[in-house]
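Have a look at the structure below, then the notes.
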Amino acid sequence: MCVPMQRLDAGESICEVWHGSGPLTQGRCGDIHYRHDDEVLFGVIALSETLFEAGAGKTPLQQTAESVYRQVFALLDTLHYPYLFRFWNYIADINAHSFGLERYRQFNLGRQDAFLAHGRDVVGNVPAACALGFGQMGLARGPLTIAFLAGRVAPLNIENPRQISAYQYPQQYGPRSPTFSRASLVRLGQDEVLFVSGTASIVGHATLHPADVVAQTRETMANIEAVLDEANYLASKPGFDLASLHYKVYVRHPADLAQIRAELERIVGIAPNAVYLQAEVCRQDLLLEIEATAAHPLLSGQRG
Ligand code: 3EB
103 MCVPMQRLDA GESICEVWHG SGPLTQGRCG DIHYRHDDEV LFGVIALSET LFEAGAGKTP
163 LQQTAESVYR QVFALLDTLH YPYLFRFWNY IADINAHSFG LERYRQFNLG RQDAFLAHGR
223 DVVGNVPAAC ALGFGQMGLA RGPLTIAFLA GRVAPLNIEN PRQISAYQYP QQYGPRSPTF
283 SRASLVRLGQ DEVLFVSGTA SIVGHATLHP ADVVAQTRET MANIEAVLDE ANYLASKPGF
343 DLASLHYKVY VRHPADLAQI RAELERIVGI APNAVYLQAE VCRQDLLLEI EATAAHPLLS
403 GQRG
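Just so it is clear: in the sequence shown, position 142 is 244 by the numbering used here, and no numbers are missing.
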């Protein structure tokens with residue numbers, strides 16, 4: 103998957119690689135490219151909304167999101183990887199308005215319709231995710247670009263007691279709630295893997311500290327800590343902490359990088375394993391979003 107976002111903390115671009123074990127099988131199905139081992143499947147899909155026309159009360163982006171998610175669910179049914187662990191959603195011009203609705207909210211309509219069409223839960227049992235916007239970087243509007251990890255063992259879905267579940271956000275944030283959980287905890291081989299969703303300065307359902315990037319960083323990290331507490335309660339052993347996470351920090355304004363980075367390092371205590379990317383966040387008043395992942399060896403005999 104290729105995402106046109108500027109890396110802010112170094113000149114080089116960065117490539118994330120997930121390793122499987124044993125023989126890997128790869129293929130294409132419709133617009134999806136995927137590769138899997140016996141346990142886990144990683145897939146990517148990039149679909150241009152220009153292939154769809156506004157009609158039947160659905161915007162092109164909404165139809166694109168619905169098509170992408172329907173293709174993912176159909177593939178997972180066919181290949182027998184029924185459990186979704188994590189989605190990464192990258193949406194061009196996420197905060198722009200068209201057809202009377204912000205584009206992120208159009209995306210939420212299409213995503214949820216696909217979950218419903220496939221008989222999947224839209225409350226409670228939903229995957230971890232992130233949703234970020236990217237600008238055009240001089241090119242035409244980029245395609246809706248999504249990656250996902252799925253497997254054969256059900257993950258534990260985690261919510262944050264400081265936040266209302268996103269799938270229960272009130273109507274003021276759009277006609278359909280976003281369909282994601284705050285984290286998922288997955289058993290993979292000999293490891294327990296924690297996927298912390300994109301996390302922002304939201305308490306309850308409200309954005310806090312709208313114009314204060316340092317306070318937003320602090321609030322975001324308090325949310326991640328609350329999610330870690332939940333994860334440690336559910337994990338085979340309580341070993342997840344801020345210092346052991348791998349972070350992706352999405353920064354709206356490049357000029358805020360130094361302050362965000364200093365605050366993150368202050369909170370974590372050491373220089374964290376973090377990559378900083380310039381991105382649009384799905385509410386205009388959010389200045390950053392942070393996602394994180396960690397893996398620990400499973401304590402045998404405790405789960406499964
Ligand atoms: C939030 O907490 C911030 O729509 O998939 C974070 C993670 C956010 C995932 C998504 C949105 C999504 O509401 C935004």
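Even for Gly, the Cβ is constructed at its ideal location relative to N, Cα and C.
The structure displayed is predicted, hence computed values, not measured ones.
- Listed in chain order, the non-local C-beta contacts of VAL316 below 7 Å within the same chain comprise GLN361, GLU365, local neighbours out to five positions each way being set aside.
- According to the DSSP secondary-structure assignment, VAL377 is paired through a beta bridge with LYS350.
- The beta carbons of ILE369 and LEU347 sit no closer together than 8 Å.
- Around the beta carbon of ILE116, fewer than 16 other beta carbons lie within 10 angstroms, which makes this residue exposed.
- Residue range 258-260 is occupied by the beta strand (DSSP E) that includes ASN259.
- Residue pairing of CYS232 in beta bridges, as defined by DSSP: TRP190.
- The beta carbon of GLY300 is closer than 6 Å to those of CYS232, GLU391, GLU393 in its chain, skipping five residues each way along the sequence.
- Per DSSP, reduced to three states, the secondary structure at GLN386 is coil, with no helix or strand assignment.
- Straight-line spacing of the CA atoms in THR322 and VAL224 works out to 24 Å.
- Bounds of any beta strand (DSSP E) do not take in GLN108, whose DSSP letter is neither H nor E.
- For the pair VAL174 and PHE282, the CB atoms are not nearer than the 8 Å cut-off.
- In this structure, VAL295 lies near VAL288, with their beta-carbon atoms less than 8 Å apart.
- In the DSSP assignment, SER169 falls within the unbroken alpha helix (DSSP H) covering 162-181.
- Between the region 140-149 and the region 165-174, the count of C-beta pairs closer than 8 Å reaches three or more; the two stretches touch.
- Measuring C-alpha to C-alpha distances from ASN210 to each of VAL255, LYS160, LEU178 identifies LYS160 as the nearest.
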